[in-house]
Structures are given as structure tokens and as C-alpha cells.
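> Let me begin by handing over the structure; questions about it come next.
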Amino acid sequence: MRKLAALSVLVFTAACVTINVYFPAVAAEKAADRIIDNVWGKDQAPSPGEDKAAQEPTSALETAQRWVAQAMGSVIGTAHAQADIDVSSPAIQAITASMEARHGKLAPFYDSGAIGLTQDGEVAIRDPGQVPLKDRNTLRQLVADENGDRRSLYREIASANGHPEWEADIRKTFAKRWISKARKGWYYQDGSGDWQQK
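Numbers given in the working numbering equal positions in the sequence shown, counted from 1, plus 62.
What follows is the structure, given as C-alpha cells:
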């Protein structure tokens with residue numbers, strides 16, 4: 063019985079180490095925040111109280127994962143500390159520079175509610191009626207270019223870190239952080255795909 067219990071603890075510990083080293087979610091969030099602050103500007107970030115809800119676990123599974131990570135912190139602290147997400151490659155820098163240059167043109171459309179942040183880490187036209195007819199093609203092109211850069215960014219971050227299979231996790235992390243850091247009054251899609259206003 064003791065051997066079975068010891069084996070269970072060993073398997074449990076190994077599983078936690080694998081999860082935390084395999085995809086470093088906390089490091090990915092920090093990397094996403096750095097990039098978003100660069101693209102949107104640091105003054106874009108919401109106040110600490112405004113951001114709190116977005117950082118809360120949204121499901122029982124996420125709550126359990128965070129509890130296990132905290133409980134096992136002393137066991138896996140070294141492995142977790144070594145996990146990092148590198149966002150310094152020239153390709154990533156070029157993509158973020160392109161997004162930063164475009165943001166000034168997109169910001170008024172976020173402010174008016176014409177566009178919003180999607181649940182999959184992209185931007186969508188939410189209410190074309192907020193845009194004069196003569197400007198709609200320009201907006202469509204801006205959104206297409208932004209989404210192209212975002213897709214490239216997620217793919218490049220995963221590749222630059224030697225784990226192309228992380229792309230979906232990178233996208234999911236960014237999707238949450240874009241919404242979390244959005245300015246009050248901007249629109250975003252909730253988990254059901256419905257539009258909400260911050």
C-alpha cells in the first residue's frame with residue numbers, strides 16, 4: 063500500500079512538473095503583457111482593480127490548476143522558474159512594431175465600438191454603422207492587417223521558443239490578456255461569443 067501511495071505521489075509530482083515546464087502559462091501571460099503594453103502603450107493598461115476580474119480563474123478546472131500549482135510550488139519551483147517565453151526575435155519585434163504603428167488608426171474604432179476584441183485573440187468589426195461609408199474599406203483593411211499580424215505573432219512566438227505546438231496556447235493566453243488590458247468602454251467577446259462592453 064505504501065509503494066502504491068509513493069508511486070501516486072511521484073506520478074502526480076511528475077505530471078505537475080511536465081505541465082508547468084511544457085507550457086509556462088505564467089511566463090506566457092507576462093510576455094503577452096509586455097507586447098500588449100508596447101503595442102497599445104503603457105497608459106492603455108487598466109487600473110489594478112479593473113484588471114482583477116480578468117485574472118480570476120473562470121472555471122473550476124482553472125481554479126484547481128492554480129491551486130495545484132501553488133501547492134506544488136516548493137516541489138517544482140526550480141523547473142517553473144526556468145520556464146520563460148522569449149519574445150525578442152527580430153521577426154517578433156517587426157510584427158509588434160507593425161501593430162504599434164497601426165494602433166493609432168485602430169484606437170478610434172475601438173473607442174466608437176465599431177470594432178472589438180474577439181475571444182480567439184483577434185479583432186472584428188462589431189458595428190459597421192459606427193463608421194462612415196467612405197471609411198469602411200479602410201477599416202476592413204486595417205482589421206485584416208491587424209489579424210494577419212496577430213496570427214503571425216502567435217505562430218512566431220511559438221516557433222521562436224522551439225515549440226510550434228504551443229501556438230494555440232499562445233493565442234489563448236493573448237486572447238485573455240488583450241481583453242484584460244482593454245480600455246474601459248471597448249467591446250470584447252465573452253466565452254459564448256457575445257459582445258460585452260468593459
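Ideal Cβ placement from N, Cα and C applies to all residues, glycine included. Predicted, not measured: the structure shown is a model, and the values here were computed from it.
Give every residue of the same chain whose Cβ lies closer than 7 Å to the Cβ of I97, excluding the five residues on either side of it in the sequence, and list them in chain order.
The residues are V149 and T158.
> Relative to the alpha-carbon of K238, which residue among P86, F85, Y84 and A94 has its alpha-carbon at the smallest distance?
Nearest option by C-alpha distance: A94.
> According to DSSP, simplified to helix, strand and coil, what is A186?
Strand at A186.
> Taking only runs that begin and end inside the stretch 195 to 252, name each unbroken alpha helix (DSSP H) of 4 or more residues, in chain order.
Listed in chain order, the complete alpha helix (DSSP H) runs (minimum 4 residues) inside the stretch 195 to 252 are 198 to 222 and 229 to 243.
> Given V193, which residues of its chain have a CB within under 6 Å of its CB, disregarding the five upstream and five downstream residues?
Contacts found: A176 and L201.
> When DSSP builds the beta bridges, which residues end up paired with G178?
Answer is A186 and Y249, bridged to G178.
> Rounded to whole angstroms, how far is the Cβ of Q258 from the Cβ of D252, which I believe are closer than 8 Å?
Going by Cβ atoms, the distance from Q258 to D252 rounds to 5 Å, so yes, they are a contact pair.
> What separation, rounded to the nearest whole angstrom, lies between the Cα atoms of Y249 and P190?
Spanning the two alpha carbons is a distance of roughly 13 Å.
> If you check the beta carbons only, do G183 and W102 fall under 8 Å apart?
No, Cβ-Cβ distance for G183 and W102 is not below 8 Å.
> Taking the alpha-carbon positions, what's the E229 to K196 distance?
About 36 Å.
> Which residues does DSSP list as the beta-bridge partners of Q259?
Paired residues: Y249.
> Using the Cβ count rule (16 or more neighbours within 10 Å means buried), how would you classify N199?
Exposed, by the Cβ-count rule.
> In this structure, how does DSSP classify G191 when only helix, strand and coil are distinguished?
G191 falls in the helix class under three-state DSSP.
> Please state the DSSP three-state secondary structure of D95.
Helix.
> Tell me whether P152 sits in a helix, a strand or coil according to DSSP, three-state version.
Looking at P152 - three-state DSSP - the assignment turns out to be helix.
> Find the nearest neighbour of P152 within the set S254, E218, G178 and H225, judged by alpha-carbon distance.
The shortest C-alpha separation from P152 is found at E218.
> Short of 8 Å in beta carbon distance, which residues of its chain neighbour L215, apart from the five on each side in sequence? Order them along the chain.
Excluding sequence neighbours, L215 sits near I97, I154, I157, T158, M161 and F236.
> Would you mind sorting E227 into buried or exposed? The rule is 16 or more other CB atoms within 10 Å of its CB.
By the neighbour-count rule (16 or more Cβ atoms within 10 Å), E227 is not buried but exposed.
> What's the gap between the Cα of Y172 and the Cα of R164?
One C-alpha to the other measures close to 13 Å.
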